[in-house]
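> I'd like to ask some things about the structure below.
Protein chains in written order, with the working numbering: chain H, 1 to 313; chain L, 1 to 293.
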């Protein structure tokens, strides 16, 4: 049934897209112009996926998506060099002030949620949950070559070697975890099995009783039977990551909404307007396709209203 | 006249193809050396050799090559301790016991082992050997030096067998006949006469197997883990020099950075190892060749 629905929806979308394309080309209503986007590498996969789809609909609009980090993107944003900034955090007051100085408004639109799963082997029978402090104790740089056994993390856990698995430094997931657990610009320890290939991490944790690892929630969903998800306690009890706890923010600090920022200068351009609307329309399907958690449908509607109010429609 | 010219052209072509291999080697050494030199301007060679941690990509940077060397040597020793006894016994059997016909069919079959792509061996280690070993050793990690080493050992059996058998065949028949004449059994002849007589060839085969195992990449990259740690425990994930090079080459480490140069320093270390081993084997072959003729 579900597959059928998916296929049906797929066809419907295709037909719609095809119709849209035909209509537009016959009416000669193709827009043209440039849209410059930059910012977070975490948001990049979503924006790039949207941009790719958008190119099919509006081939004369040139959309470039750069990756210079949320902060780097905001720097360009404040100078009016780019139209949209991908951001994996909210704008800082300093950055907002700089925008106000040049009389530039902006709107923050949430586009998805991102969640990180902490995982152990299914045979691991001692871990019930982790507190954020415990995760910090395990992963901070000072733990390198010192915190090597489970009983060093919490008393009562066995004196077994701790085998750590996680994404490598090239991964955005790594940055996110390092920042959420160890703090800004602290980084993590380096003596763990690091791989940019999440399947290696799945394999490593699934076959090692003493393993502990983390990666994007999407990969856990694919490998539920081989891994055990561990909840994280941030002071208000243990929370397991799920569609729900990630999207309502209770799974903290390992979940967060991710945003795009659109400037008032950019919103005056027709092509940017078109693009942002297209973004919010296609996000529900594209976001989960690239492994993130979409907002609720009504939340997208709210974001859209917010944008339309901002653009003055 | 024209014959002479063709002859010359052919001579030059042959010389050229020989040069290609030499130039390639020189080029590789040059790249390794120049990049490592600039690495060692930033990291002292003492730190490189004595630090017990290898975390060049992380906040708390350490540039001790020892964890990678220990991982490499650990898998290599396991491989050789599998390949040497098995390979030697097979060689003795084929050369001293097996009927000629049997030998002629089995030897090519055995050499197929060397033709299996190493990536296949890697997955064989990860998906078959490790789960099997876990039924015997319950606390064996999913990535470990043991299963990668064993499988690597299986891979290099043909090296040991082939070289050792050639060495055994090269021992003059008179020695064997003499031993039989003195009333030795087949077993005594094999182990007390033939093997010692062929010992230099056998040692060379082992050294070549060593250097093959040290440079092996896919098996250890897939099955041995990617965690540099200074340990002799074969049950936990480790990282070899080759795996590290693969890992960094695949990531997005910026060219020219210190992190990037680490792979050349690691490559240099690997090169020094295999270079020394190959030279030892060359030297042994020359020095200890038993001459009977």
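Even glycine gets a Cβ: it sits at the ideal position worked out from N, Cα and C.
What residue from H/148, H/123, H/183, H/134 has the CA that sits closest to residue 138 of chain L's CA?
H/123
> Using alpha carbons as the reference points, say which of L/135, L/120, L/97, L/91 lies closest to residue 108 of chain L.
Distance from the Cα of residue 108 of chain L is smallest, within the candidate group L/135, L/120, L/97, L/91, for L/91.
> Along chain H, in chain order, which residues have C-beta atoms closer than 9 Å to that of residue 141 of chain L?
161, 163, 204, 207, 208, 209, 210, 211
> Quickly, what does DSSP pair residue 258 of chain H with across the bridge? List them, please.
H/112
> Bridge partners for residue 62 of chain H per DSSP, in chain order?
H/34
> Measuring alpha carbon to alpha carbon, tell me which of L/267, L/232, L/208 ends up nearest residue 281 of chain L.
L/208
> Since residue 237 of chain L and residue 141 of chain L are thought to touch, with beta carbons under 8 Å apart, how far apart are those beta carbons, to the nearest angstrom?
Rounded to the nearest angstrom, the Cβ distance from residue 237 of chain L to residue 141 of chain L is 5 Å, consistent with a contact under 8 Å.
> Could you round the C-beta distance between residue 295 of chain H and residue 242 of chain H to whole angstroms and report it? I think they count as a contact, below 8 Å.
Contact between residue 295 of chain H and residue 242 of chain H does not hold, since the beta-carbon distance rounds to 15 Å and is not under 8 Å.
> Check whether the Cβ atoms of residue 140 of chain H and residue 211 of chain H sit closer than 8 Å, and answer yes or no.
no
> For residue 278 of chain L, which residues of its own chain have a beta-carbon under 7 Å away from its beta-carbon, when the five flanking residues on both sides are left out?
Excluding sequence neighbours, residue 278 of chain L sits near 211.
> So with CB distances below 9 Å, who are the chain L contacts of residue 189 of chain H?
The answer, in chain order, is 55, 58, 59, 60.
> Using a Cβ cut-off of 9 Å, pull out every chain H residue sitting near residue 130 of chain L, in sequence order please.
207
> According to DSSP, is residue 163 of chain H helix, strand or coil?
Three-state result, residue 163 of chain H: strand.
> Where in the region 113 to 153 of chain H do unbroken runs of the alpha helix (DSSP H), each at least 4 residues long, occur, reported from the N-terminal end onward?
DSSP runs (the alpha helix (DSSP H)) wholly in the region 113 to 153 of chain H: 132 to 139.
> State buried or exposed for residue 45 of chain H, treating a residue as buried only when at least 16 other CB atoms are found within 10 Å of its CB.
buried
> For residue 145 of chain H and chain L, any beta-carbon pair shorter than 8 Å?
yes
> Please list the segments of the beta strand (DSSP E) lying wholly inside the region 47 to 97 of chain H, counting only runs of 3 or more residues, in order along the chain.
61 to 65, 84 to 87
> Could you name the residues of chain H that residue 250 of chain L contacts, counting a contact when the two beta carbons are closer than 8 Å?
196
> Enumerated in chain order, which unbroken segments of the alpha helix (DSSP H) with a length of 4 residues or greater are wholly contained in the region 216 to 290 of chain L?
Those alpha helix (DSSP H) runs which fall completely within the region 216 to 290 of chain L and span 4+ residues are 218 to 223, 241 to 250, 258 to 287.
> Going by beta carbon distance, what residues of the same chain come within less than 7 Å of residue 300 of chain H, once the five residues before and after it are set aside?
280, 283, 284
> Give a yes or no on whether the minimum CB-CB distance between residue 229 of chain H and chain L is below 8 Å.
no
> From H/302, H/99, H/177, pick the residue whose C-alpha is nearest to that of residue 74 of chain H; which is it?
H/99
> Under 8 Å Cβ to Cβ from residue 28 of chain H, same chain only, skipping five residues before and after it: list those, please.
Residue placement at residue 28 of chain H is poorly supported in this model, since its pLDDT is 42, which falls under 50; the coordinates are not used for a value here.
> Can you tell me whether residue 16 of chain H is helix, strand or coil according to DSSP?
Legend: pLDDT at residue 16 of chain H = 48, less than 50; position of this residue unreliable, no value from coordinates given.
> Does DSSP classify residue 41 of chain H as helix, strand or coil?
The DSSP-derived three-state label of residue 41 of chain H is coil.
> What does the Cβ neighbour count give for residue 11 of chain L, buried or exposed, with the cut at 16 atoms within 10 Å?
exposed
> Roughly how many whole angstroms lie between the Cα atoms of residue 136 of chain L and residue 235 of chain L?
12 Å
> Less than 8 Å between the beta carbons of residue 215 of chain H and residue 197 of chain H, yes or no?
Going by C-beta atoms, residue 215 of chain H is not nearer than 8 Å to residue 197 of chain H.
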